[in-house]
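Novice: Take this structure, written in structure tokens, and hold onto it; I'll ask about it next.
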Amino acid sequence: MESLTNARDLEQIVRDGLSTLVFAFGYKTGIVEAFTKLQQPCTAEELSQKAKKKLRYIQEWIGCMVAAGIVTITDDEKYSLPSNKAQLITWGHTATAIPILSEMIPKLEEVTTLDGPKGFGYHEPFLQWLDVLRSSEALQDWNQRLLVPVMNLKQGNEFILDIGCGFGKHSREVAKLYPRSKITAIDMDQFSIDNAKKELTKSGIQNIEYLCMKGGQLPEEWAGKFDFVIIKGVLHDSYEVDEILKGIKRVLKSDGFAAAYDPAVSSFHKNVINDATAQYNLPFSLFQCLPVSSMGPSEGLGIGWGYERRKQKIEEHGFRVVQVGDKDIDTIQEGIVFQKI
Numbered sequence: 005m006e007s008l009t010n011a012r013d014l015e016q017i018v019r020d021g022l023s024t025l026v027f028a029f030g031y032k033t034g035i036v037e038a039f040t041k042l043q044q045p046c047t048a049e050e051l052s053q054k055a056k057k058k059l060r061y062i063q064e065w066i067g068c069m070v071a072a073g074i075v076t077i078t079d080d081e082k083y084s085l086p087s088n089k090a091q092l093i094t095w096g097h098t099a100t101a102i103p104i105l106s107e108m109i110p111k112l113e114e115v116t117t118l119d120g121p122k123g124f125g126y127h128e129p130f131l132q133w134l135d136v137l138r139s140s141e142a143l144q145d146w147n148q149r150l151l152v153p154v155m156n157l158k159q160g161n162e163f164i165l166d167i168g169c170g171f172g173k174h175s176r177e178v179a180k181l182y183p184r185s186k187i188t189a190i191d192m193d194q195f196s197i198d199n200a201k202k203e204l205t206k207s208g209i210q211n212i213e214y215l216c217m218k219g220g221q222l223p224e225e226w227a228g229k230f231d232f233v234i235i236k237g238v239l240h241d242s243y244e245v246d247e248i249l250k251g252i253k254r255v256l257k258s259d260g261f262a263a264a265y266d267p268a269v270s271s272f273h274k275n276v277i278n279d280a281t282a283q284y285n286l287p288f289s290l291f292q293c294l295p296v297s298s299m300g301p302s303e304g305l306g307i308g309w310g311y312e313r314r315k316q317k318i319e320e321h322g323f324r325v326v327q328v329g330d331k332d333i334d335t336i337q338e339g340i341v342f343q344k345i
């Protein structure tokens, strides 16, 4: 049978990967920031002085970036970094994930062997990297695009449950957006909850409670308590999806809504051909999401579990998936909104 895809130039892919690592170094060590503060085009000497780095190393870094097409050069050997600052921050920070993921290679090697352990837990440097990625501005934009339209389905969202809150940055933005709501935010990782509580104290926000708790072990006394349940970036990481969905069904009010948000990636490989969302997210899944979700009794999920299988699992638990906005519920998308039948 004829292949659905044409293989890309492997040599170029590897070269681009090496360039990304060099770019990440420049971002992490302040070279990129120094570049943006200079009048461009500038000389290597000017960048060396501004970045407070040795000239010869700056010259070599610039050479890498010119070869990759990230930095441009004039005939008189002056240099420019054409990308705007927002792009540099977004993709510069993203690039710094590469050395963090590389730290997990020994563990990943172990779990992929046939007789190795099933998985491993969250890597704290990765959680810290993820927290920086989720800037307040990005979360506010995300809320307006994806959360507010769902919250508008029901009036009087007095009690909100955030399952898998991580460092709590998103729940704090939700608390500011809905100051009259009482938000209970939980996470199974004590390191994350400790960080969330520390930041909550600094923020002065009064309508959040952070608890260290598994999403599949919600207290019995929460039955019928919540108007809305947020499950952002959780289900594909979990090894207790069935328990989480059972718990949500129990704690959700009869007229309440829940929304599960995971990367908009298909469950089927033929649908991810040349798909930028899949190309971006699946590597993170291989190194972190899949190992974490593999620590339970059943097979791991990860982002490759995908939209179609995630939607099917939600429906199997007696929920009705609700369309919000223009996208049909069978269209691969980030959010799945559902309520009890």
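Here the working numbering is used: the first residue of the sequence shown is 5, the next is one more, and so on.
Here a beta-carbon is modelled for each residue, glycine too, at the ideal position from N, C-alpha and C.
Do the stretch 329–340 and the stretch 310–318 meet, that is, are 3 or more Cβ pairs less than 8 Å apart?
Specialist: These segments touch.
Novice: Among the candidates Ser270, Gly219, Ile164 and Lys229, whose CA atom is the shortest distance from the CA of Ile248?
Specialist: Nearest of Ser270, Gly219, Ile164 and Lys229 to Ile248, Cα basis: Gly219.
Novice: Considering just the uninterrupted stretch of the beta strand (DSSP E) at Arg138, what are its terminal residues?
Specialist: Looking at the DSSP string, Arg138 is not in any beta strand (DSSP E), and its letter there is neither H nor E.
Novice: Can you tell which of Lys186, Met299 and Gly21 has the C-alpha that lies nearest to the C-alpha of Gly160?
Specialist: Checking every option, the nearest Cα to that of Gly160 belongs to Lys186.
Novice: Compute the distance between the beta-carbons of Glu113 and Leu143, then report whether it is under 7 Å.
Specialist: Cβ atoms of Glu113 and Leu143: not closer than 7 Å.
Novice: Anyone know if the C-beta pair for Phe39 and Leu8 falls short of 7 Å?
Specialist: Going by C-beta atoms, Phe39 is not nearer than 7 Å to Leu8.
Novice: Cβ atoms of Ala263 and Val115: under 7 Å apart, would you say?
Specialist: Not closer than 7 Å, so no.
Novice: May I ask you to list the residues that DSSP assigns as paired with Asp231?
Specialist: According to DSSP, which records beta bridges pairwise, Asp231 is partnered with nothing at all.
Novice: Checking 7 Å against the spacing of the C-beta atoms, do Gly168 and His240 come in under that value?
Specialist: No. Outside cutoff.
Novice: Evaluate Gln343 with the Cβ neighbour count: other Cβ atoms within 10 Å of its Cβ, from every protein chain shown; 16 or more gives buried, anything less gives exposed.
Specialist: Under this definition Gln343 is a buried residue.
Novice: Below 6 Å CB to CB, which residues in the same chain sit around Gly228 once its five sequence neighbours on both sides are set aside?
Specialist: Here the set comprises Lys257.
Novice: For Glu49, does the three-state DSSP call read helix, strand or coil?
Specialist: Reduced to three states, the DSSP call for Glu49 is helix.
Novice: CB Phe261 to CB Leu157, shorter than 7 Å?
Specialist: Yes; because the gap between Cβ atoms is below 7 Å, this pair is in contact.
Novice: Quick test of your reading: Glu107 and Pro121, contact by CB under 8 Å. State the CB separation rounded to the nearest angstrom.
Specialist: Glu107 to Pro121, Cβ: 17 Å. No contact.
Novice: Quick check on Thr117: buried or exposed, where buried means 16 or more other Cβ atoms within 10 Å of its Cβ?
Specialist: By the neighbour-count rule (16 or more Cβ atoms within 10 Å), Thr117 is not buried but exposed.
Novice: Span of the alpha helix (DSSP H) holding Gly21?
Specialist: Gly21 -> alpha helix (DSSP H) spans Leu14 to Lys32.
Novice: If contacts are defined as beta-carbon pairs under 8 Å, then Val136 and His97 qualify, I think. What distance do you get, rounded to the angstrom?
Specialist: About 6 Å; that satisfies the 8 Å criterion.
Novice: Select from Ile17, Pro287, Ala268 and Phe288 the residue whose C-alpha is nearest the C-alpha of Thr281.
Specialist: With distances taken between Cα atoms, Thr281 lies closest to Ala268.
Novice: Look at the Cβ atom of Ile340, then the Cβ atom of Val325, and state whether they are nearer than 7 Å.
Specialist: Contact: yes.
Novice: List the DSSP bridge partners of Thr76.
Specialist: Beta-bridge pairing links Thr76 to Ser84.
Novice: Please list, in chain order, all residues of the same chain as Leu131 whose beta carbon is under 8 Å from its beta carbon, the five residues on each side excluded.
Specialist: Once the five neighbours on either side are set aside, the close Cβ partners of Leu131 are Gly170, Phe171, Asp193, Phe195 and Ser196.
Novice: Three-state secondary structure (DSSP) at Glu37?
Specialist: Of the three classes helix, strand and coil, the one that applies to Glu37 here is helix, per DSSP.
Novice: Hey, Ile164 and Phe232: beta-carbon distance below 7 Å or not?
Specialist: Going by C-beta atoms, Ile164 is nearer than 7 Å to Phe232.
Novice: Output the distance between the C-alpha atoms of Asp375 and Gln148, rounded to the nearest integer angstrom.
Specialist: Outside the modelled stretch of the chain, which goes from 5 to 345, sits residue 375, for which no answer is possible.
Novice: CA-CA distance, Arg1 and Ile17?
Specialist: What the structure shows of the chain is the stretch from 5 to 345, and residue 1 is not part of that stretch, so it cannot be assessed.
Novice: Per DSSP, Thr188 forms a beta bridge with which residues?
Specialist: Leu165 and Glu213.
Novice: Near Val255, which residues of its chain fall below 8 Å by C-beta distance, leaving aside the five closest residues on each side in sequence?
Specialist: Same-chain partners within the cutoff: Leu165, Leu222, Trp226, Ala227, Gly228, Lys229, Phe230 and Val233.
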